[in-house]
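A short write-up of the structure that comes next.
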Amino acid sequence: LTLFWKKDELFALMNSDGNRLGGDQTTARRQQRIEEQRRLAAEKAEERAAKRAKKDPPNWRENEEKEVWTAKQEKQFAKALVSFGGVPPKARYTLIEARVDGKNRTECLMHHKLLLAKEKEANENGVKQD
-14 LTLFWKKDEL
-4 FALMNSDGNR
6 LGGDQTTARR
16 QQRIEEQRRL
26 AAEKAEERAA
36 KRAKKDPPNW
46 RENEEKEVWT
56 AKQEKQFAKA
66 LVSFGGVPPK
76 ARYTLIEARV
86 DGKNRTECLM
96 HHKLLLAKEK
106 EANENGVKQD
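For the record, in the sequence shown the residue sitting at position 99 is 84 according to the numbering used here, with numbers rising by one throughout.
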């Protein structure tokens, strides 16, 4: 007979028929419980991994909204955009890049794209924007 304590109570391990388990049966039962716990833990880990995988990657706008632009860079960008407004887009953003400290061509292009999208949304919603 194998006895064990659980929450201040004494238990004797018994099988499903109500008979007390011997040493080998007790070990087998413990092993089954351990295997079941491992299986459940593995299933939960797979569920968590699946949830993480289901999240959509950030789109261009989410990435651009996280991009940090200082007031100085914003001012440089605005001046350069006015200066090179008539230049074809491919050349325009290369020229703008040269005028904005610490930003490359793609960052300038995406920043302008974000500003245009915000302006369009503001116009659609009837909100005046500075």
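Idealized CB from N, CA, C, for every residue including glycine.
What are the boundary residues of the alpha helix (DSSP H) that includes residue i?
i, result
"K64", "A56 to S68"
"A106", "In the sequence as displayed, the identity of residue 106 is Glu instead of Ala. Start and end: R90 to N110."
"P74", "P74 to R84"
"N44", "Run containing N44: none; DSSP gives neither H nor E here."
Which residues in the same chain have their Cβ closer than 6 Å to the Cβ of residue i, if we skip the five residues on either side of it in sequence?
i, result
"R84", "Q61 and A65"
"M95", "E49"
"Q17", "none"
"K75", "none"
Excluding sequence positions up to five away, which residues of its chain have a Cβ less than 7 Å from the Cβ of residue i?
i, result
"P42", "none"
"G87", "Q58"
"V53", "none"
"F69", "R77, L80 and I81"
Please look up how many angstroms separate the CB atoms of residue i and residue j, rounded, as I've assumed it's under 8 Å.
i, j, result
"R46", "A102", "7 Å"
Between which residues of its own chain and residue i is the CB-CB distance below 8 Å, once the five residues before and five after are set aside?
i, result
"E50", "L99"
Answer yes or no: does any C-beta atom of chain D fall closer than 9 Å to that of residue i?
i, result
"Q17", "Annotation note: the requested chain D is absent from the structure, which comprises a single protein chain."
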